[in-house]
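Using the working numbering, read the sequence shown as starting at 179 and increasing by one per residue.
Beta carbons are placed, not taken as given, at the ideal position from N, Cα and C, and that holds for glycine.
The structure appears below as structure tokens.
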Amino acid sequence: MRQAQIFLYANGNDHPPTAIDLDKSLLRDLLFNQSPAKDIALASVSMRPIPFAPVLEKLSLSDSKYGSVRRFYIEAPEDNAIPIALQESMINASPPERVFRLKGADHSPFFSKPQALHKLLVEISKVPSI
Numbered sequence: 179m180r181q182a183q184i185f186l187y188a189n190g191n192d193h194p195p196t197a198i199d200l201d202k203s204l205l206r207d208l209l210f211n212q213s214p215a216k217d218i219a220l221a222s223v224s225m226r227p228i229p230f231a232p233v234l235e236k237l238s239l240s241d242s243k244y245g246s247v248r249r250f251y252i253e254a255p256e257d258n259a260i261p262i263a264l265q266e267s268m269i270n271a272s273p274p275e276r277v278f279r280l281k282g283a284d285h286s287p288f289f290s291k292p293q294a295l296h297k298l299l300v301e302i303s304k305v306p307s308i
């Protein structure tokens with residue numbers, strides 16, 4: 179697959195990128211491979227470049243803040259942007275309280291599996307605290 183990210187250089191090519199955009203021709207295969215065509219069309223015209231500076235910042239998480247929030251993870255097995263092996267690596271690096279699997283979901287489950295996602299979020303909201 180071709181490189182999906184397009185770096186934008188608002189300050190000139192001799193300076194760091196200012197934003198990242200995605201190649202619109204790759205969106206269906208990368209983010210919406212299980213989503214309805216009408217949702218892909220809406221998403222494609224709605225997407226905007228992402229500022230690059232926050233990507234470069236060091237993320238600092240503390241037990242008193244990040245560690246105090248309940249975390250759940252919803253695996254999307256058909257996600258082509260974050261393959262299941264990488265999702266599992268992310269889960270292992272920062273274990274959530276519980277992992278759920280949304281069968282048939284792509285990177286955008288709110289399009290590919292909206293009813294199943296809603297049902298799962300309601301289920302998560304009812305998980306008793308440990």
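Residue range of the unbroken beta strand (DSSP E) whose run includes F278: 276–279
So, for P274: in the same chain, excluding its five sequence neighbours on each side, which residues have a beta-carbon less than 7 Å away from its beta-carbon? R249, F250, Y251
Take I302 as the anchor and find which of N211, V277, L204, A254 has the nearest alpha-carbon. V277
What residue range does the alpha helix (DSSP H) around Q293 cover? 292–303
Contact check, D201 vs R180 under 8 Å by CB: the rounded distance? 7 Å
Alpha carbons only, please: which of N270, N191, K304, I262 is nearest the one belonging to L280? I262
Which residues mark the beginning and the end of the beta strand (DSSP E) in which E253 is found? 250–253
Three-state class that DSSP yields for F230 in the structure shown: coil
Give me, in chain order, the residues of the same chain whose beta-carbon lies closer than 7 Å to that of S213; leave out the 5 immediate sequence neighbours on both sides. D284, S286, F289, S290
Residue range of the beta strand (DSSP E) that includes Q183: 183–186
My guess is that N191 and N258 are in contact by the Cβ rule of under 8 Å, so how many angstroms apart are they, rounded? About 30 Å separates the two Cβ atoms, so there is no contact after all.
Minimum C-alpha distance to A254 - residue among L295, P194, I184: L295
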